[in-house]
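In the UniProt record's numbering, the protein residues as written are 1 to 359.
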């Protein structure tokens, strides 16, 4: 019989609909185990914040944003004045020419040029952040991090490529399994590689605009993917690989984020949380936050940072209050022995979408 385990505590905000979705997924043919992370919340057809192991490959359990992940780049700047840096951020909604990055078209996975070097919408972002506190000195030193250091955090995926892959599957098979698992996996792997390349290109664009030296990421983990493990398919939707990896668990635009050393075992699907996880739907967040906050309040969080976002609706949908408490998510990971906190980061400038009218 397939099993379901949710790695949360009594103090965690876990919607019953999300747990119901976990059990619905567990009832699919070939399902072995579903692990819900402490950021678990309902998604379209499958829970978000879950690792799902099966003998059958189900593309809809990965979703449309194949390859979505979070990368962390060292970002050496002498001065970090939020307003000044926000005004210099590049337009990360406008695609780049591959030649700018020294790429030939055949070097771009799947030859997919659409959206190259862009962040995307929804919960995606590029954030210049400062290391607030080192929580594990030895591990932080191995990563080259110290309190006060600046880093660039990039959360983005495969843009239209992953969406196209899922759409072409669902048009024929709906939410059913992949008819040709090797064929799906080949396209999936290209989307994962595209997402990783895209995060590097975004970082290079920001470094170029802000006058910092480009750097390789110290963390880059994808949280929407499937891998073949121990003869089964391990689907992750909003869950980061937790088998000895370093993972940035994202908070919100007005809270801390946490870099953790993950050490999750099989019961947790070798996975950890990827972020704070929504506690409000986008429609609820829009209504509630419009009544509670002004646009300027959301553009200038209490952290003293600046949010670059030209879409007012997105500001309300992505307000910090729409998400769970990141401290509780991290506490649950620690309590269940899934991760060790290494450092916390606090936002300086968060880019959501271009705010051309304010420049």
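Every residue, glycine too, gets a C-beta built ideally from N, C-alpha and C.
Whose C-beta lies closer than 6 Å to the C-beta of residue 245 among residues of the same chain, with five residues either side of it excluded? Answer for residue 245: 221, 262, listed in chain order.
Give the C-beta separation of residue 236 and residue 223 to the nearest angstrom, bearing in mind that I take them to be a contact with Cβ-Cβ under 8 Å. About 6 Å separates the two Cβ atoms, so the contact holds.
DSSP beta-bridge partners of residue 69: According to DSSP, residue 69 bridges with 156, 222.
Whether or not the stretch 140-156 and the stretch 191-209 are in contact is what I'm after, with contact meaning three or more pairs of Cβ atoms, one per stretch, closer than 8 Å; do they touch? These segments touch.
Around the C-beta of residue 149, are 16 or more other C-beta atoms found within 10 angstroms, so that it is buried, or is it exposed? Counting every other CB atom within 10 Å of its CB across the protein chains shown gives residue 149 a total of 16 or more, marking it as buried.
From residue 80 to residue 309, what distance separates their C-alpha atoms? Answer to the nearest angstrom: the Cα atoms are 19 Å apart.
Using the Cα positions of residue 62 and residue 241, report the straight-line distance between them to the nearest angstrom. Rounded to whole angstroms, the separation of the alpha carbons of residue 241 and residue 62 is 14 Å.
Run the CB neighbour count on residue 23, radius 10 Å, all protein chains shown included, and call it buried at 16 or more, exposed below. Under this definition residue 23 is an exposed residue.
Are residue 145 and residue 339 closer than 9 Å when you measure CB to CB? Their beta carbons are not under 9 Å apart, which means residue 145 does not touch residue 339 by this criterion.
How many Å lie between residue 253 and residue 315 at the Cα? The straight-line gap from Cα to Cα measures roughly 10 Å.
Which of helix, strand or coil DSSP assigns to residue 84: In the structure shown, the three-state DSSP call for residue 84 is helix.
Work out the CA separation of residue 243 and residue 270 for me, nearest whole Å. Cα to Cα, the separation comes out at about 5 Å.
Candidates 21, 12, 56, of which the one nearest residue 30 by Cα: Closest option to residue 30, Cα to Cα, is 56.
With respect to the beta strand (DSSP E) encompassing residue 41, which residues constitute its N-terminal and C-terminal limits? Run containing residue 41: 31-41, per the beta strand (DSSP E) assignment.
Would you mind working out which of 50, 13, 86 sits nearest residue 306, comparing C-alpha positions? When only C-alpha atoms are compared, the closest one is 86.
Distance, residue 272 Cα to residue 108 Cα: Each residue's Cα considered, the two are about 29 Å apart.
Nearest chain D C-beta to residue 51 closer than 9 Å, yes or no? No chain D is part of this structure, which consists of one protein chain only.
Using a 10 Å radius around the Cβ and a threshold of 16 neighbouring Cβ atoms, would you call residue 46 buried or exposed? The residue is buried, with at least 16 neighbouring Cβ atoms inside 10 Å.
For residue 14, I'd like the list of residues in its chain whose CB is within less than 7 Å of its CB, leaving aside the five on either flank, ordered along the chain. For residue 14, where only same-chain residues beyond five positions count, the Cβ hits under 7 Å are 6, 8, 40.
Express the C-alpha separation of residue 255 and residue 320 in angstroms, rounding to a whole number. Taking the Cα positions, residue 320 is about 7 Å away from residue 255.
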